[in-house]
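> The structure follows.
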Amino acid sequence: MAKLNDWLGLIRFSHTIFALPFAILAAFLAWATPLPETSPVTYPQIRVQDIVGILLCMVLARSAAMAFNRWVDRRIDAANPRTATRHIPAGTLSAPAVLAFTILCGIGFVVSTLLFLPNRLPLFASVPVLLFLCGYSLAKRFTSSAHLWLGIALSLSPICVWAAIRGEVVLQQPSDFWVPGWLAVAVAFWVAGFDIIYSCQDAEFDAAEGLHSVPSRRGVSGALRVAAVSHVAMILALGLLAWTGGSSGLGLVFLIAVMLTAALVIYQHRLVSPSDLSRVNQAFFHTNAIVSLILMTAGVIDCFI
């Protein structure tokens with residue numbers, strides 16, 4: 002059990018709550034949205050194997066990306082006092098074992114896409130998606146846009162879920178992507194914003210090590226302003242989702258959730274300041290977990306009332 006906890010801690014399994022609710026929301030929206038140009042109106046079939054496939058792909062892809070992050074950053078983590086107690090620097094888990102775990106999870110992710118057959122899109126997209134997810138771990142070595150890279154990585158979840166459920170219709174009718182597209186934009190800016198806030202803790206270390214991040218480039222004050230702009234973009238995208246998502250069932254409940262989300266984002270930014278980062282973890286985990294759950298719950302309720 003102790004070893005299992007080490008592996009769950011390595012991949013920060015509890016942080017699955019950031020991405021999984023948006024995958025679930027995208028699934029319900031995909032099922033509730035009529036397929037284009039069908040008469041009589043038809044909807045995608047709800048299959049147990051698709052539900053299992055979504056859960057497996059989400060967990061395995063995220064686990065592979067997180068484990069790769071810990072493996073590729075092991076020397077940086079060892080040099081940073083804040084991260085020196087992570088599993089590989091601390092000797093709790095060995096680097097070869099973590100690399101093997103990464104490879105196994107990656108293979109499991111690709112194999113899990115077979116559950117969506119006869120829809121072949123998930124299988125064809127699996128390797129490029131996995132490479133992009135893992136690429137985030139290298140991004141801070143050459144670009145300050147690493148935060149947005151992470152945001153886009155997580156925003157792939159609603160896009161991929163939508164394509165997995167609705168099949169090749171998304172290629173025949175690109176406009177079918179409007180609903181998951183706005184959700185993906187919202188997720189991308191949401192994640193980028195809170196990752197910038199979180200990385201403010203390492204502003205001095207990143208600058209000294211030559212690592213690229215918004216805080217190391219613009220300072221903590223500038224980084225918090227960029228994070229605020231990112232979160233404004235997130236709320237605007239959610240508003241556009243509420244406006245365009247009527248055909249998918251989104252309505253008043255989701256609109257209320259968007260307003261609550263805006264209030265939570267404002268509260269998140271009030272928790273931190275350039276002179277006081279002591280509540281970064283509270284802003285990072287607790288507030289964002291509530292945001293994802295509120296939006297998921299409201300969207301699912303709207304789809305089926």
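Going left to right, the sequence shown walks through residues 2 to 306 as our numbering numbers them.
We treat Cβ as the ideally placed atom computed from N, Cα and C, and that holds for glycine.
As the structure is a prediction and not an experimental result, all values here were calculated from the model.
1) With a threshold of 16 other CB atoms inside 10 Å of the CB of ILE198, please say whether the residue is buried or exposed.
2) Compute the Euclidean distance between the alpha carbons of PRO35 and ASN120, then round it to the nearest angstrom.
3) Of the residues ALA31, GLY10, GLY92 and ALA209, which one's Cα is nearest the Cα of GLY247?
4) So VAL128 and VAL111 are in contact, right, with Cβ under 8 Å, and what is the actual spacing, rounded?
5) Per DSSP, what kind of secondary structure is GLY293 in: helix, strand or coil?
6) On the three-state DSSP scale, how would you describe SER146?
7) To the nearest angstrom, how far is it from the Cα of THR39 to the Cα of PHE133?
8) According to the Cβ coordinates, are CYS201 and VAL273 closer than 9 Å?
9) In whole angstroms, what separates the C-alpha of HIS270 from that of ALA284?
10) Under 9 Å between the Cβ atoms of VAL215 and GLY223?
11) Where does ASP74 sit, in a helix, a strand or coil, going by DSSP?
12) Quick check: what's the CA-CA separation for MET208 versus SER217?
13) Given this structure, state the Cα-to-Cα distance separating SER113 from GLY54, to the nearest angstrom.
14) Check whether the Cβ atoms of SER145 and HIS88 lie closer than 9 Å to each other.
15) Measuring straight from C-alpha to C-alpha, what distance separates GLY300 and TRP244?
16) Grouping DSSP H, G and I as helix and E and B as strand, with all else coil, what is SER64?
17) Going by Cα to Cα distance, which pick from SER249, ALA228 and THR298 is closest to LEU261?
18) Drop a sphere of 10 angstroms on the beta-carbon of SER231, count the other beta-carbons inside from all chains shown, and report buried for 16 or more, exposed for fewer.
19) Helix, strand or coil, according to DSSP, for SER113 in the structure here?
20) With a 10 Å radius around its C-beta and 16 neighbouring C-beta atoms as the bar for buried, classify LEU115 as buried or exposed.
A quick look at the data gives this:
1) Counting C-beta atoms within 10 angstroms of its own C-beta, ILE198 has 16 or more neighbours from the protein chains shown and is therefore classed as buried.
2) Distance between the alpha carbons of PRO35 and ASN120: 18 Å.
3) Closest option to GLY247, judged by alpha-carbon separation, among ALA31, GLY10, GLY92 and ALA209: ALA31.
4) That belief holds up - the Cβ atoms of VAL128 and VAL111 are roughly 7 Å apart, short of 8 Å.
5) Reading the sequence as shown, one finds Ser at residue 293 and not Gly. In the structure shown, SER293 falls within a helical segment according to DSSP collapsed to helix, strand and coil.
6) SER146 carries a coil assignment under DSSP once its states are collapsed to helix, strand and coil.
7) Here the C-alpha atom of THR39 lies approximately 35 Å from the C-alpha atom of PHE133.
8) Cβ atoms of CYS201 and VAL273: closer than 9 Å.
9) Taking C-alpha positions only, HIS270 is separated from ALA284 by approximately 8 Å.
10) Yes, these two residues count as a Cβ contact at 9 Å.
11) When DSSP states are grouped into helix, strand and coil, ASP74 belongs to the coil group.
12) In the sequence as displayed, the identity of residue 208 is Ala instead of Met. Their backbone Cα atoms lie some 5 Å apart in a straight line.
13) Their Cα atoms are separated by approximately 6 Å.
14) Between SER145 and HIS88, the CB-CB gap reaches or exceeds 9 Å.
15) One C-alpha to the other measures close to 13 Å.
16) Reduced to three states, the DSSP call for SER64 is helix.
17) For LEU261, the nearest C-alpha among the options comes from THR298.
18) With 16 or more other Cβ atoms within 10 Å, it is buried.
19) The three-state secondary structure of SER113, taken from DSSP, is helix.
20) LEU115 should be labelled exposed.
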